[in-house]
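Peer 1: Residue numbers (the numbering used here), protein chains in the order written: chain F, 204 to 396; chain A, 3 to 419; chain W, 28 to 360.
Cβ coordinates follow ideal geometry from the N, Cα and C atoms, glycine included.
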Amino acid sequence: MFQVRIHGRGGQGVVTAAEMLSIAAFEEGRHAQAFPSFGSERTGAPVVAFCRIADKEIRLREPIMEPDALIIQDPTLLHQVDVFAGLKRDGYVLINTSKSFEELGLGDFLKDWHADRLCTVAATELARKHIGRPMPNVPLLGGFAAVSQILKLESVHKAINDKFAGKVAEGNVAAATEAYAIVRREMEEAVHA
Amino acid sequence: MLKQCEGSHAVAEAVALCRPEVICAYPISPQTHIVEGLGEMVKSGELKNCEFINVESEFAAMSVAIGSSATGARTYTATASQGLLFMAEAVYNASGLGLPIVMTVANRAIGAPINIWNDHTDALSQRDSGWLQLFAETNQEALDLHIQAFRLAEELSLPVMVCMDGFILTHAYERVDVPTQEQVDAYLPPYEPRQVLDPKEPVSIGAMVGPEAFMEVRYLAHAKQMQALERIPAYAAEFKAVFGRDSGGLCHTYHADDADTIIVAMGSVLGTIKDVVDEMRAAGHKVGVLGITLFRPFPIHDVREALHRAKRVVVLEKSLAVGLGGIVATNVRMALSALPIDVYTVVAGLGGRPITMRSLHALFRKAEKDDLDPVTFLDLNRAVVDKQLAREKATRRSGPIAENLLRDVGVVAAKIA
Amino acid sequence: MSFQPVKFYQTGTFTVGNRLLAPEERSVQSSPRRFNSLNSGHRACQGCGEALGARYAIDAAMEAAHGQLIAANATGCLEVFSTPYPETSWQIPWVHSLFGNAAAVATGVAAALKVKGRKEVRVVAQGGDGGTTDIGFGCLSGMFERNDDVLYICYDNGGYMNTGVQRSSATPPAARTATTMAVGDEPGNPFGQGKFVPAIAMAHDIPYVATATVADLRDLEAKVGRAMEIHGARYIHILVPCPLGWGTASNETIKMARLAKETGIFPVFAAENGVVTEVLKIRHRLPVEEYLKPQKRYAHLFGKQPRVDVIARLQALADRNIKKYGLLDGGAN
Numbered sequence: 204m205f206q207v208r209i210h211g212r213g214g215q216g217v218v219t220a221a222e223m224l225s226i227a228a229f230e231e232g233r234h235a236q237a238f239p240s241f242g243s244e245r246t247g248a249p250v251v252a253f254c255r256i257a258d259k260e261i262r263l264r265e266p267i268m269e270p271d272a273l274i275i276q277d278p279t280l281l282h283q284v285d286v287f288a289g290l291k292r293d294g295y296v297l298i299n300t301s302k303s304f305e306e307l308g309l310g311d312f313l314k315d316w317h318a319d320r321l322c323t324v325a326a327t328e329l330a331r332k333h334i335g336r337p338m339p340n341v342p343l344l345g346g347f348a349a350v351s352q353i354l355k356l357e358s359v360h361k362a363i364n365d366k367f368a369g370k371v372a373e374g375n376v377a378a379a380t381e382a383y384a385i386v387r388r389e390m391e392e393a394v395h396a
Numbered sequence: 003m004l005k006q007c008e009g010s011h012a013v014a015e016a017v018a019l020c021r022p023e024v025i026c027a028y029p030i031s032p033q034t035h036i037v038e039g040l041g042e043m044v045k046s047g048e049l050k051n052c053e054f055i056n057v058e059s060e061f062a063a064m065s066v067a068i069g070s071s072a073t074g075a076r077t078y079t080a081t082a083s084q085g086l087l088f089m090a091e092a093v094y095n096a097s098g099l100g101l102p103i104v105m106t107v108a109n110r111a112i113g114a115p116i117n118i119w120n121d122h123t124d125a126l127s128q129r130d131s132g133w134l135q136l137f138a139e140t141n142q143e144a145l146d147l148h149i150q151a152f153r154l155a156e157e158l159s160l161p162v163m164v165c166m167d168g169f170i171l172t173h174a175y176e177r178v179d180v181p182t183q184e185q186v187d188a189y190l191p192p193y194e195p196r197q198v199l200d201p202k203e204p205v206s207i208g209a210m211v212g213p214e215a216f217m218e219v220r221y222l223a224h225a226k227q228m229q230a231l232e233r234i235p236a237y238a239a240e241f242k243a244v245f246g247r248d249s250g251g252l253c254h255t256y257h258a259d260d261a262d263t264i265i266v267a268m269g270s271v272l273g274t275i276k277d278v279v280d281e282m283r284a285a286g287h288k289v290g291v292l293g294i295t296l297f298r299p300f301p302i303h304d305v306r307e308a309l310h311r312a313k314r315v316v317v318l319e320k321s322l323a324v325g326l327g328g329i330v331a332t333n334v335r336m337a338l339s340a341l342p343i344d345v346y347t348v349v350a351g352l353g354g355r356p357i358t359m360r361s362l363h364a365l366f367r368k369a370e371k372d373d374l375d376p377v378t379f380l381d382l383n384r385a386v387v388d389k390q391l392a393r394e395k396a397t398r399r400s401g402p403i404a405e406n407l408l409r410d411v412g413v414v415a416a417k418i419a
Numbered sequence: 028m029s030f031q032p033v034k035f036y037q038t039g040t041f042t043v044g045n046r047l048l049a050p051e052e053r054s055v056q057s058s059p060r061r062f063n064s065l066n067s068g069h070r071a072c073q074g075c076g077e078a079l080g081a082r083y084a085i086d087a088a089m090e091a092a093h094g095q096l097i098a099a100n101a102t103g104c105l106e107v108f109s110t111p112y113p114e115t116s117w118q119i120p121w122v123h124s125l126f127g128n129a130a131a132v133a134t135g136v137a138a139a140l141k142v143k144g145r146k147e148v149r150v151v152a153q154g155g156d157g158g159t160t161d162i163g164f165g166c167l168s169g170m171f172e173r174n175d176d177v178l179y180i181c182y183d184n185g186g187y188m189n190t191g192v193q194r195s196s197a198t199p200p201a202a203r204t205a206t207t208m209a210v211g212d213e214p215g216n217p218f219g220q221g222k223f224v225p226a227i228a229m230a231h232d233i234p235y236v237a238t239a240t241v242a243d244l245r246d247l248e249a250k251v252g253r254a255m256e257i258h259g260a261r262y263i264h265i266l267v268p269c270p271l272g273w274g275t276a277s278n279e280t281i282k283m284a285r286l287a288k289e290t291g292i293f294p295v296f297a298a299e300n301g302v303v304t305e306v307l308k309i310r311h312r313l314p315v316e317e318y319l320k321p322q323k324r325y326a327h328l329f330g331k332q333p334r335v336d337v338i339a340r341l342q343a344l345a346d347r348n349i350k351k352y353g354l355l356d357g358g359a360n
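Encoded structure:
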């Protein structure tokens with residue numbers, strides 16, 4: 204079972220991201236479970252959503268305490284919420300930012316980590332570029348597919364088209380695709396570094 | 003057809019397939035997505051021949067349902083927690099009048115203190131109201147149970163409550179198999195009422211009954227509910243024949259045949275329990291599970307049958323009988339009367355407190371050693387509790403309990419779970 | 028022979044309502060083929076205003092609906108005396124659910140009929156003042172707000188009579204009830220409380236609101252008939268004196284209702300979409316004492332030291348009604 208934990212703030216589409224991950228996995232014939240850590244609706248408050256992916260029925264219902272992957276949609280959470288709690292050794296980390304890990308103050312924390320498991324992508328900027336809104340969740344899914352290789356990019360596309368329609372869907376597909384390419388490049392550079 | 007969707011959406015689709023004629027509901031977390039989904043289907047024309055009414059309270063919701071059902075229309079509503087209590091008078095009225103209303107209860111804790119998260123106290127507060135009560139373990143089962151519920155309700159002329167864990171099931175995306183209209187039509191015939199308001203044949207419904215006949219009327223309500231113990235397995239078997247899967251039934255066991263320790267539970271927590279049991283079995287522990295699907299009428303015979311060979315039983319319940327201990331546990335004990343089996347009550351998950359594999363591993367191991375108190379509150383923060391008790395001992399004006407505890411527990415937003 | 032026009036006042040259904048009128052103008056009750064929706068044999072008190080009002084109102088509704096009517100009833104006197112186990116005096120489909128939900132149950136009945144395409148079947152909800160103005164108020168407002176196709180009839184006898192004469196929000200000021208006893212400085216129900224639901228109904232802008240009394244039964248029938256011509260939320264509020272609760276003689280029920288109207292204590296009018304369209308004028312105005320004196324629930328106002336101050340306040344309320352609704356010839360506000 205592969206467990207993803209997504210951190211962000213209310214209004215950034217964290218819950219939708221987890222749902223879309225589960226749809227992408229479904230499209231590949233796998234079992235997936237997505238759910239938020241529930242709270243009253245409140246824009247701006249820290250939000251966590253979870254997604255489990257497996258090849259058989261998922262019965263477990265607890266929050267993801269030991270994620271295999273983290274997606275951090277808002278770097279301002281980094282020193283506010285214990286986002287890394289329980290992260291598996293050499294788990295995947297994808298952060299929405301144009302800064303580097305060192306610039307974010309995470310250099311020491313992740314210094315012994317596999318470099319090709321740690322990626323950043325400026326997802327908010329990609330979203331602004333492709334759909335005209337600073338909604339980083341979908342581009343991050345493209346980036347996640349790239350860094351984890353757990354899902355195919357085309358499955359992410361299917362999930363996007365399931366949730367959105369028309370121009371918004373097209374833009375999101377483009378954003379996810381670009382994010383995917385950016386992260387792939389980052390990983391190759393990390394391996395060769 | 004296989005779909006990846008939210009539990010609420012799956013239930014809305016299932017209800018729509020059952021050809022409801024009147025849907026009346028009042029919004030309350032976490033049932034809102036179910037009713038919103040149905041409302042949209044009616045308004046768009048996707049769900050035809052259905053009146054959708056936005057009522058002004060849950061009391062009105064159940065009352066409208068009573069009027070509608072008494073007039074021969076297949077009627078549905080949904081609620082949770084505070085809403086269920088607000089309609090409590092009408093809940094008893096509906097079952098007393100013998101009206102086959104189906105209602106989803108998206109299980110949620112009851113305040114004060116106000117809490118929107120999952121536990122079973124709401125549904126269980128109405129356990130003696132005369133409604134049948136079914137508890138779904140997964141979103142697939144939630145979907146399936148609604149279809150079975152209409153069939154059961156209309157056959158017995160009794161209302162049925164389908165319970166599914168609020169948020170944990172209602173707001174979780176998972177894979178479900180949504181049946182076709184043909185399949186549902188083959189399973190669920192049109193509603194044929196036993197009594198109906200119709201000028202063609204006037205009847206008076208809802209007369210006062212005095213001491214001369216009240217005992218008999220109530221006995222019949224009990225006897226009718228007991229018929230469900232036979233009907234439900236039959237309907238589940240028929241369901242399997244039409245839809246191709248096991249769903250519903252009275253209760254089901256998991257690795258219980260040779261188990262020394264059996265854990266009893268209801269709802270979605272059974273999934274987590276089964277994962278723990280798998281790991282413990284792999285390590286040689288003889289543990290098993292009994293999942294109760296039908297809570298009312300309580301399947302005493304089947305529960306006894308499943309548990310009587312165990313050395314001990316742990317009832318893990320998301321409910322609390324304040325002043326006594328467990329609600330489900332008390333019912334289980336009745337099924338095991340005169341048997342020399344220890345029954346441990348574990349109150350867990352109240353108000354949405356996560357129930358983790360780690361905690362369950364520790365709990366079950368303690369149970370195996372008979373190292374459990376008769377009543378345990380799982381993962382209780384003893385320090386916070388003791389602090390409040392000391393506070394109350396020290397001063398009369400000790401302040402509101404909830405606020406005191408929250409202050410001690412600290413900022414919640416920074417936590418994962 | 029000279030021709031002299033003679034004014035007929037209604038003095039009872041056996042004269043003006045019956046053979047002296049053209050058949051189509053006769054009272055529904057004058058027909059041997061009347062529905063008898065609330066049949067004889069019920070257990071109402073002698074002289075019960077509610078039984079009289081219900082019989083007229085429901086038969087009129089049945090007439091208008093060509094016999095296609097379903098009634099939802101709140102808990103209360105009418106429900107209790109009309110269905111003494113194991114009998115029922117209702118000849119029509121009838122449902123009693125709870126005290127506070129008659130309006131909502133009726134909404135449900137109407138919804139079911141609509142979805143089943145039974146356009147010809149109409150729905151009536153009925154309750155006493157307690158079940159309507161107090162505990163049933165939320166459901167009533169909800170039904171009004173949604174404009175559900177229900178005619179709600181409130182039988183107002185000014186208190187919870189079936190349970191022993193307790194005060195409701197329809198109990199008039201100064202009236203004695205079991206929970207507003209005639210003791211202390213302000214004996215009886217306090218002034219400055221209470222609500223007049225017909226005005227609240229009008230504020231919902233529903234298609235039809237009317238008040239009526241059992242002293243003008245033809246007027247009541249006509250109002251029910253008019254209401255039944257309309258689809259949507261409708262409300263009729265009928266003053267029905269209760270000999271037991273009011274402490275009046277059982278053969279004076281109709282007279283008491285007439286006095287309530289003629290003093291201006293109870294305004295009789297109709298309104299459509301929030302605007303008053305007709306008023307039943309006071310024929311011979313009387314001071315409120317004439318209305319209060321025969322009632323034991325006001326006896327404490329007429330002791331050795333009559334409470335002229337209280338009576339004056341009650342008179343002021345009557346004067347206000349007269350002015351507000353234009354109850355005397357000379358127009359309304």
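1. For W:D243 and W:A88, I'd like the C-alpha separation in whole angstroms.
2. Just the Cα atoms here: how many angstroms apart are A:A230 and A:L296?
3. Look up A:T347 in the DSSP assignment and give the residues it is bridged to.
4. With a threshold of 16 other CB atoms inside 10 Å of the CB of A:M282, please say whether the residue is buried or exposed.
5. For F:P337, return the contacting residues in chain A, with the cut-off set at a CB-CB distance below 7 Å.
6. Tell me which residue opens and which closes the beta strand (DSSP E) that F:Q206 is part of.
7. Could you spell out where the beta strand (DSSP E) holding F:T323 opens and where it closes?
8. For A:A285, does the count of other Cβ atoms within 10 angstroms reach 16, so buried, or fall short, so exposed?
9. Within 8 Å of any Cβ in chain A, is that where the Cβ of F:F347 sits?
10. Taking the alpha-carbon positions, what's the A:V162 to A:E23 distance?
11. Give me whichever residues DSSP pairs with W:W117 in a beta bridge.
12. Run the CB neighbour count on W:F20, radius 10 Å, all protein chains shown included, and call it buried at 16 or more, exposed below.
13. Give the interface partners of W:N128 over in chain A, defined as CB-CB distance under 9 Å, in chain order.
14. Does any residue of chain F bring its CB to less than 8 Å from the CB of A:V316?
15. For a minimum of 3 consecutive residues, which ranges assigned as the beta strand (DSSP E) are wholly contained in the stretch 257-333 of chain W?
16. Quick one, are the C-beta atoms of W:A130 and W:Y179 less than 8 Å apart?
17. In chain order, which continuous runs of the alpha helix (DSSP H) of length 4 or greater are located wholly inside the stretch 333-391 of chain F?
18. Which term fits W:F41, buried or exposed, when burial requires 16 or more other beta carbons within 10 angstroms of its beta carbon?
19. DSSP puts W:H93 in a beta bridge; with which residues?
20. Are there 16 or more other CB atoms within 10 angstroms of the CB of W:A260, so buried, or fewer, so exposed?
21. Do W:L48 and W:W117 have their CB atoms nearer than 8 Å?
22. Could you confirm whether any beta carbon from chain F is found closer than 8 Å to the beta carbon of A:G85?
23. Within 8 Å (strictly less), CB to CB, does F:H234 reach chain A?
24. Should W:P392 go down as buried or exposed, given a rule of 16 or more other Cβ atoms within 10 Å for buried?
25. The alpha helix (DSSP H) with W:Y112 in it runs from where to where?
26. Within the same chain, show all residues whose beta-carbon is closer than 6 Å to that of W:E106, passing over the 5 residues directly before and after it, in chain order.
27. Taking only beta-carbon positions, decide if A:D375 is within less than 8 Å of chain W.
28. Are any of the Cβ atoms in chain A nearer than 8 Å to that of F:R292?
29. Could you run through the stretch 76-95 of chain W and flag, in chain order, every residue whose CB is less than 7 Å away from some CB of chain A?
30. Mapping DSSP to helix, strand and coil, what is W:R70?
31. Is there at least one Cβ from chain A nearer than 8 Å to W:A359's Cβ?
32. Which of the three DSSP states is assigned to F:A235 in this structure?
33. Comparing alpha-carbon positions, which option in W:A230, W:P199, W:K222, W:P111 lies nearest W:N216?
Peer 2: Let me lay it out:
1. 17 Å
2. 9 Å
3. A:V317, A:V377
4. buried
5. Residues of chain A passing the Cβ test: none, with the nearest at roughly 22 Å.
6. 205-212
7. 321-324
8. exposed
9. no
10. 17 Å
11. W:L65
12. Coverage of chain W is limited to positions 28 through 360, which leaves residue 20 of chain W absent and any answer about it impossible.
13. F61, A62, M64, S65, V66, I68, G69, E91, A92, N95
14. no
15. 261-266, 296-299, 302-306
16. yes
17. 340-351, 356-366
18. With a pLDDT of 46 at W:F41, under the threshold of 50, the predicted position of this residue should be treated as unreliable, though the coordinate-derived value follows. W:F41 should be labelled exposed.
19. W:H93 pairs with nothing; no bridge assigned.
20. buried
21. no
22. no
23. yes
24. In this structure chain W extends from 28 to 360, so residue 392 of chain W is not present and cannot be described.
25. Here W:Y112 belongs to no alpha helix (DSSP H), and DSSP marks it neither H nor E.
26. N100, H123
27. no
28. no
29. G94, Q95
30. coil
31. With a pLDDT of 49 at W:A359, under the threshold of 50, the modelled position of that residue is not reliable, and the figure given next carries that caveat. Not closer than 8 Å to any Cβ of chain A, the Cβ of W:A359 fails to qualify, so no.
32. strand
33. W:P199
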